[in-house]
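Numbering (the numbering used here), first residue to last: -1 to 311.
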């Protein structure tokens, strides 16, 4: 994998970014990805502020390579979180689920590089206007929270590439070296990978979650909850209750009642794979083993090089 604008921007060896996923992306996973040459991200969306401070301290001890934090902008204590990030000297922030305009200038003033996750070329243009350093264009294949447009990664990347001159990272359905080559061919300069790393040994997700996700077949995940926030879920008992309610036109309040409190924590972190939200990307059906990060990254590099050679021939 060649050195490019993404590598230069974040000071990394490989243009591979680990998704900052709730309940999966603690210091163990993020530091392992950074130590393997990519960019590890702590998932602040599932951390209380004091928990985030603890993970930041452990990251500083576990790696001397670049790393960052993923911050969903709908986080309830967002101002406090940004204060912590600046005070702790974090160098990279990936924002999502909101407008990057509010915090980008402040983060830049603190010497922090900012990338923002988008689901359309329209939002990519807004990111450029807001002054972010890079955009992550995430397709409909991705796990967890998704864009309402339901545009697939293959359709989204070339449109975003035309819409902005910013360094571009592809996300959603990236699970192999072949997929990285395809994303490059469409105009991306790096990839953000969620599912592969969510199912890694170092992920803080429960063993039950990992076991369920490595046994999925094609079509075992579905986008739902569009009246609240579109989310890709595994088809379990909770999903069936949601699907039945949505089919009869249930409104957002009823759907929230069905979900109950901390649904994603139950499904991902606590291992309630029937009654919790089990969020994972479509590419999970291709993942059959739980490997460590180093093995995953080495496999991606090998597949990438072999694919480039095959295409050259």
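Yeah, the Cβ is synthetic: ideal placement off N, Cα and C, and Gly gets one too.
Bear in mind that the values here come from a model prediction, so they are computed numbers and not experimental data.
Whole-number beta carbon distance between residue j and residue i, since they are thought to touch under 8 Å
i           : j           : result
residue 108 : residue 132 : Not confirmed; about 17 Å, so no contact.
residue 44  : residue 71  : About 15 Å; that fails the 8 Å criterion.
residue 121 : residue 64  : Contact doesn't hold; Cβ gap of about 25 Å is too wide.
residue 130 : residue 164 : 7 Å
residue 210 : residue 276 : 6 Å
residue 15  : residue 39  : 7 Å
residue 193 : residue 141 : 6 Å
residue 243 : residue 253 : 6 Å
residue 118 : residue 149 : 7 Å
Separation of residue j from residue i, as counted between CA atoms
i           : j           : result
residue 13  : residue 33  : 13 Å
residue 146 : residue 228 : 6 Å
residue 78  : residue 29  : 24 Å
residue 6   : residue 111 : 12 Å
residue 304 : residue 310 : 10 Å
residue 261 : residue 21  : 11 Å
residue 91  : residue 100 : 14 Å
residue 167 : residue 256 : 35 Å
residue 159 : residue 125 : 13 Å
residue 80  : residue 308 : 46 Å
residue 271 : residue 206 : 7 Å
residue 312 : residue 98  : A query on residue 312 cannot be resolved here, the shown segment of the chain reaching from -1 to 311 and no further.
residue 128 : residue 224 : 27 Å
residue 278 : residue 18  : 13 Å
residue 306 : residue 300 : 10 Å
residue -1  : residue 23  : 24 Å
residue 259 : residue 1   : 44 Å
residue 157 : residue 172 : 18 Å
residue 208 : residue 195 : 11 Å
Three-state class that DSSP yields for residue i in the structure shown
i           : result
residue 32  : helix
residue 311 : coil
residue 1   : coil
residue 82  : helix
residue 92  : strand
residue 216 : coil
residue 65  : strand
residue 135 : strand
residue 142 : strand
residue 13  : coil
residue 27  : helix
residue 22  : coil
residue 275 : coil
residue 221 : strand
Unbroken alpha helix (DSSP H) run spanning residue i, endpoints
i           : result
residue 124 : 119 to 128
residue 239 : 235 to 245
residue 175 : 175 to 183
residue 114 : Not the alpha helix (DSSP H): residue 114 falls in the beta strand (DSSP E), residues 111 to 116.
residue 151 : 151 to 161
residue 172 : Counting along the chain, residue 172 falls outside any alpha helix (DSSP H), and DSSP gives it neither H nor E.
residue 267 : That residue, residue 267, is in no alpha helix (DSSP H); it is neither H nor E in DSSP.
residue 53  : 47 to 60
residue 148 : It is not in any alpha helix (DSSP H) - residue 148 carries neither H nor E in the DSSP assignment.
residue 256 : 250 to 257
residue 108 : Note, residue 108: premise wrong, no alpha helix (DSSP H); not H, not E.
residue 208 : 205 to 211
Residue interval of the beta strand (DSSP E) (run including residue i)
i           : result
residue 190 : 188 to 191
residue 230 : 229 to 232
residue 284 : First-last for residue 284: undefined, no H or E at that position.
residue 40  : 38 to 41
Distance cut-off 7 Å: residue i Cβ against heavy atoms of the ligand FMN
i           : result
residue 222 : Ligands displayed in this structure: none; no statement on the ligand FMN is therefore possible.
Notebook entry, point to check: Counting Cβ pairs closer than 8 Å, one from the region 277 to 293 and one from the region 212 to 221, do we hit at least three?
Noted result: Yes, they touch.
Check: Are three or more beta carbon pairs between the region 162 to 182 and the region 260 to 274 nearer than 8 Å?
Finding: Taking a contact to require three or more Cβ pairs closer than 8 Å, the region 162 to 182 and the region 260 to 274 do not qualify as touching.
Check: Given 8 Å as the limit, is there contact between the region 234 to 254 and the region 45 to 59, that is, 3 or more CB pairs closer than that?
Finding: No: fewer than three Cβ pairs fall under 8 Å.
Note to self: Tell me whether the region 243 to 257 and the region 194 to 202 touch, counting them as touching only if at least three CB pairs, one residue from each stretch, are closer than 8 Å.
What the structure shows: Counting C-beta pairs with one atom in each stretch, the region 243 to 257 and the region 194 to 202 have fewer than three that are closer than 8 Å, which means they do not touch.
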